[in-house]
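Visitor: Residue numbers (the working numbering): 1 to 175. We put the beta carbon where it would ideally sit given N, CA and C, even for glycine. Take this structure, written in structure tokens, and hold onto it; I'll ask about it next.
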């Protein structure tokens, strides 16, 4: 006579094992979605900063193209000191001075600061000098420098961050 084994191994998986596997998979999928979301946010912030850099470079190149007068040092640029301009950049890369209707565009504010001998009320004109090293320092024995410090600041509002984000380019110009 044949005995029936009551301790027979169960075949397949139990409901508890399936639920535990699903929970582990859900945690993994949630982690992957978080990585994708954070990567997307980081890419957007990087793109925005790169666009601000391009705007600053373009502005600085426009100033450099104007050149500097000899006397007073870069006196032709005095009117640009403390000037501000608003730009809007579309997703297509267009740089506009007027907010486009019906398009999503990021607003950038460009601020200029020039420091030098003809710019008495400029940002760095204090008892400490005009920048470091001072633009009025002697470059040749006994002759003051003929140099102007040019700073271009581009700022924008970044969603999810407090305050304005700023990108700054600075150079010095001489006739």
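How is residue 125 classed by DSSP in three states: helix, strand or coil?
Guide: With a pLDDT of only 48 at residue 125, under the threshold of 50, the placement of this residue in the model should not be trusted; the figure read from the coordinates follows. Residue state, collapsed to three classes: coil.
Visitor: I'd like to check one pair, residue 152 with residue 116: are the Cβ atoms closer than 8 Å?
Guide: No, Cβ-Cβ distance for residue 116 and residue 152 is not below 8 Å.
Visitor: Please confirm if the stretch 149–164 is in contact with the stretch 21–34, defined as three or more CB-CB distances below 8 Å between the two stretches.
Guide: Short answer: they don't touch.
Visitor: Threshold first: 4 residues or longer. Then list the alpha helix (DSSP H) segments lying entirely within the stretch 54–125, N to C.
Guide: Segments of the alpha helix (DSSP H) lying fully in the stretch 54–125: there are none.
Visitor: Helix or strand or just coil, what does DSSP make of residue 157?
Guide: Strand.
Visitor: How would you call residue 15, buried or exposed, if buried means at least 16 neighbouring beta carbons within 10 angstroms?
Guide: With fewer than 16 other Cβ atoms within 10 Å, it is exposed.
Visitor: Starting from the C-beta of residue 167, find all residues in its chain whose C-beta is less than 7 Å away, skip the five residues before and the five after it, and write them out in chain order.
Guide: Closer than 7 Å at Cβ, skipping near neighbours: 49, 52, 53, 56 and 154.
Visitor: Just checking my contact of residue 248 with residue 86 at CB under 8 Å: how many whole Å lie between their CB atoms?
Guide: No statement about residue 248 is possible, as the shown extent of the chain runs from 1 to 175 and does not include it.
Visitor: Can you tell which of 73, 42 and 101 has the C-alpha that lies nearest to the C-alpha of residue 88?
Guide: With distances taken between Cα atoms, residue 88 lies closest to 101.
Visitor: Within 10 angstroms of its Cβ, does residue 59 collect 16 or more other Cβ (buried), or is it exposed?
Guide: Residue 59 comes out buried.
Visitor: Can you tell me where the beta strand (DSSP E) holding residue 166 begins and where it ends?
Guide: Run containing residue 166: 164–173, per the beta strand (DSSP E) assignment.
Visitor: Whole angstroms are fine: how far does the CA of residue 12 sit from the CA of residue 93?
Guide: If I take the Cα positions, the gap works out to 58 Å.
Visitor: Counting C-beta neighbours from all protein chains within 10 Å, is the total for residue 113 16 or more, i.e. buried, or is it exposed?
Guide: Buried is the call here.
Visitor: What separation, rounded to the nearest whole angstrom, lies between the Cα atoms of residue 22 and residue 40?
Guide: Approximately 27 Å between the Cα atoms of the pair.
Visitor: Rounded to whole angstroms, what is the Cα-Cα separation between residue 105 and residue 47?
Guide: Going from the Cα of residue 105 to the Cα of residue 47 covers about 13 Å.
Visitor: With DSSP as the reference, please indicate the residues paired to residue 187 in a beta bridge.
Guide: This structure gives no information on residue 187, because the portion of the chain shown stretches from 1 to 175.
Visitor: Can you tell me which of 164, 68, 44 and 63 puts its alpha carbon nearest to the alpha carbon of residue 170?
Guide: Checked all of 164, 68, 44 and 63; the closest Cα to residue 170 is 63.
Visitor: Just how far apart, CA to CA, sit residue 159 and residue 95?
Guide: So the two alpha carbons sit approximately 20 Å from each other.
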